[in-house]
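Written out below as structure tokens is the structure these notes cover.
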Amino acid sequence: MASKTVRTLTRRTFSYIFLAVTAVLCLYPALWVLMSSVRPGDTLFSESLLPSQFTLAHYRDLFTKYPFMQWYANTLKISVISTISGSVLVLMTAYVFSMFRFAGRQNLMSMLLVLGLFPGFMSMIAIYILLNQMNLLNTHLAVIIVSAAGAPLFFLFSKSYFDTIPRSLVEAARIDGAGHLGTFARIVMPLSKPLLVFVILMNFTGPFTDFIFAKLVLRTPEKKTLAVGLYDMATDTTKLQFTVFAAGCVLVAVPITLLFLMLQRYLIGGLTSGADKG
Amino acid sequence: MRHVSAAEHASPRLRQYRKTSAVLSVLIMGLGQLYNRQYGKAICLLLLYAAGVYLAVAKLPHAIWALVTLGETKTHLEKVGKIYRQINGDHSIYLMVEGLIYVLLAAVVASIYVLNVKDAYRCGKRREEGGKLHTFKQTLQYAADYRFPQLAVSIPMIGVLFFTVMPILFMILLAFTNFTRSNMPPANLIDWHGFETFRNIFKLRIWSHTFYGVTLWTFMWAFFATLTCFFGGFAVALVVQQHDIRFKKFWRTVFILPYAIPMFISTLILRNVFNGQFGPVNQYLSLMGISKIPWLSDPLWAKFTLILVNFLLGFPVMMLMIIGILSTVPRDMYEAADIDGAGAFQKLRSITFPVVMYSMAPLLVMQFVGNMNNFNVIYLLTGGNPVNGDYQFAGHTDILITWLYKLSMDQGQYNFASVIGIFIFVILAAFAIWNVRRTKAFKEEGTF
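Chains as they are written, first to last, in our numbering: chain A, 521 to 798; chain B, -15 to 432.
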């Protein structure tokens, strides 16, 4: 008994040390940005991690010198709409591939997987011209459409998840008279909260942080998103203000972190165990 | 209903339904359905037909001409009255993309056309056999019940067709042209060039040497990047999920923070953290009496730093996924193992690892392939540097995708870039297809 206690103690101690070291590694860059954002001056390099003086001037600059509020509103609009449409599309696609057998299913799945691996920016020229044809350049709708249209390519994770849900459950719901959409919405989705959270997070952070494509489409300052605005800020070599940029980064990271904190509880806990009907 | 159908069956004239409706449908989409008195369906199809005819007459010939010739008129000066005016010629690239768009649209309409004829034939046959046809409402009901999978995937598939397949076709076509910066529309027209670019990449030593070198590093990079993230994420997930670890939520939140910060920001930050001259890491090292390490300026160290940074940025997502999977493992499996007297390592080896691998194996292959394409980390951290004098437009840490980027965006070698793009695509496709096949077998034999 004594040796077991010792072993448990050692295991726990090492576990905590391991977690603490990893945590420091993870937090360092975040801390660096945070500290840079409250440091006077505008340079990248500092003598120490902790600044000797604190200032909130860079945060004020964001709102007075840049249309930061507008960027924020744009980003939220784009992210929320494309998260909803993208998540619906990818979940439906994954659900269909997981639960149904139909002609061409295997080939379609292989095709989607392959297409999902295609390097993005070679396709940007073509998408740009397509959007031009649809008269959608410099609109937020363009970013939403492209992001939602790309979402189904990443169906595999959701499909593997749906595969673990007992088929008997779905069949029982069908026998009880539920339609396909009803089964999906009322039986499968409630069982898939962790997946749902994951898919939403993925689809949200994508458009929230994408700058390559959004930069191509959104041309005028008032249409920009946070990522485009910040990227332009960071790459504008004529008047690089790293500290203001860092302040912007903090304000971008905060909502995503909050979102994660809010949704985290769904990621835990038993899932389909014991939910099988009958 | 039976007596009605029996009466219809008796008349020999009615045997023609099948043929007539099919032929009518071939002539005009929806006409067969009209003949079969399925008005709702017919109206939908006729509307589509009108759009299709417009497409075929107004757009398709021009699209095909555009794809075949890539434009015939050069931008040139023309004398109008007394002054020369610039006359805009054909823009080969715009023509190519527009051509592709309309050809794909036509393909969508054509496939609906085929379905329409099949449907008319089937409905006609049903009438001949004395069956009753579905009303429009019943048709919708039937589709919702029995054609649900096809309906549900058709919308995403159309999006994929235009926003993914079309651009890929475009890129493939570019490889067969002479599209380079020195030959740019609208000033110049682009021509079809056959396989010349392909030949150059494999035959010219300066190109082939770069090509093989970069490909080798691409594979090594993808292998180590995937492996480190997976085992790192797995280890952290296991440690956090131990039953007696407290503040689980706190730990998970801490580890996910790097993920919450946009990748391009954190990579730029880490680039400064690992800066060889002023970076804090080297400062700490010199405090401990260790000489400075050329994190980003030495070829070998730069590669190591890339894998390290990718690990730092990548393992939280893996950890999240694995925690998600771990939470689905039934508790009673562990309880049973406890009763059987299994040790912690045995439980890990025979329960946890197989369960995690069941869900993760196909995903890991995809991660590997995704890492082969992991543009952001490499571009933002090293930019492909340090410079390699032996390479054609590539540095020591360039992988295929960043080389492709340099070739197209910096060097304007669009046709060479497209050949590289096709090569990447072929490798990725091979992996992905192999993966799907294997996964299927995996599932059919699986005991989970």
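In this text, a Cβ means the ideal position worked out from N, Cα and C, and glycines have one as well.
Start and end of the alpha helix (DSSP H) containing residue i?
| i | result |
| --- | --- |
| B/H46 | 44 to 53 |
| B/V144 | 132 to 144 |
| B/E180 | 180 to 187 |
| B/E82 | 76 to 112 |
| A/Y586 | Careful: A/Y586 lies outside any alpha helix (DSSP H) and carries neither H nor E. |
| B/V349 | 337 to 356 |
| A/R687 | 687 to 695 |
| A/D683 | 676 to 683 |
| B/D316 | 315 to 323 |
| A/F724 | 713 to 729 |
| A/M629 | 625 to 636 |
| B/E22 | The sequence shown places Gln at residue 22 of chain B, rather than the Glu named in the question. No alpha helix (DSSP H) holds B/Q22; DSSP gives it neither H nor E. |
Going by DSSP, which residues form a beta bridge with residue i?
| i | result |
| --- | --- |
| B/H60 | B/I71 |
| B/V371 | B/G379 |
| B/T161 | B/W176 |
Can you confirm whether residue i, when its beta carbon is compared against all beta carbons of chain B, has any partner nearer than 8 Å?
| i | result |
| --- | --- |
| A/T792 | Legend: pLDDT at A/T792 = 31, less than 50; position of this residue unreliable, no value from coordinates given. |
| A/V553 | yes |
| A/I664 | no |
| A/I707 | no |
| A/I647 | yes |
| A/F583 | no |
| A/H700 | yes |
| A/T777 | yes |
| A/T525 | no |
| A/R532 | yes |
| A/A747 | yes |
| A/K797 | Because A/K797 sits at a pLDDT of 26, beneath the cut-off of 50, its placement in the model cannot be relied upon, and the point is left open. |
What do you reckon, are the CB atoms on residue i and residue j nearer than 8 Å?
| i | j | result |
| --- | --- | --- |
| B/A90 | B/L31 | no |
| A/F724 | A/S599 | yes |
| A/V553 | A/P571 | no |
| B/N311 | A/S680 | The question names Asn, but residue 311 of chain B is Ser in the sequence shown. No, these two residues do not count as a Cβ contact at 8 Å. |
| A/L817 | B/L296 | Shown here, chain A extends from 521 to 798; a query on residue 817 of chain A therefore has no answer. |
| B/W385 | B/N355 | Looking at the sequence provided, one finds Ile at residue 385 of chain B rather than Trp. Cβ distance not < 8 Å, so B/I385 and B/N355 don't count as in contact. |
| B/I249 | A/C769 | yes |
| A/A543 | B/V257 | no |
| A/F538 | A/A614 | no |
| B/Y499 | B/S5 | Residue 499 of chain B cannot be examined here, being either before or after the span of chain B that is shown, -15 to 432. |
| A/I720 | A/T603 | yes |
| B/L365 | B/R236 | no |
Please confirm if residue i has its CB atom under 8 Å from at least one CB of chain A.
| i | result |
| --- | --- |
| B/L211 | no |
| B/N357 | yes |
| B/S76 | no |
| B/M150 | yes |
| B/I417 | yes |
| B/G260 | no |
| B/G143 | yes |
| B/F426 | Low local confidence applies: a pLDDT of 44 at B/F426 is under 50, so the model's placement there is unreliable, with the coordinate-based value given in what follows. Not closer than 8 Å to any Cβ of chain A, the Cβ of B/F426 fails to qualify, so no. |
| B/G325 | no |
| B/R(-14) | Per-residue confidence for B/R(-14) stands at a pLDDT of 46, beneath the threshold of 50, marking its modelled position as unreliable; the derived number appears in the next sentence. Output row for B/R(-14): interface = no. |
| B/W235 | yes |
| B/E319 | no |
| B/D103 | no |
| B/D228 | yes |
Quick one: is residue i buried, meaning 16 or more other Cβ sit within 10 Å of its Cβ, or exposed?
| i | result |
| --- | --- |
| B/F214 | buried |
| A/F534 | exposed |
| B/F400 | buried |
| B/S334 | exposed |
| A/F638 | buried |
| A/M782 | exposed |
| B/G325 | exposed |
| B/F275 | The question names Phe, yet the displayed sequence has Ser at residue 275 of chain B. That one is exposed. |
| B/I190 | exposed |
| B/Y268 | exposed |
| B/H227 | exposed |
| B/M121 | Going by the sequence as given, residue 121 of chain B is Lys instead of Met. So B/K121 ends up on the exposed side. |
| B/A(-6) | With a pLDDT of 48 at B/A(-6), under the threshold of 50, the modelled position of this residue cannot be trusted; read the value that follows with caution. Flag for B/A(-6) reads exposed. |
| B/H60 | exposed |
| B/H46 | exposed |
| A/S470 | Shown here, chain A extends from 521 to 798; a query on residue 470 of chain A therefore has no answer. |
| B/I323 | exposed |
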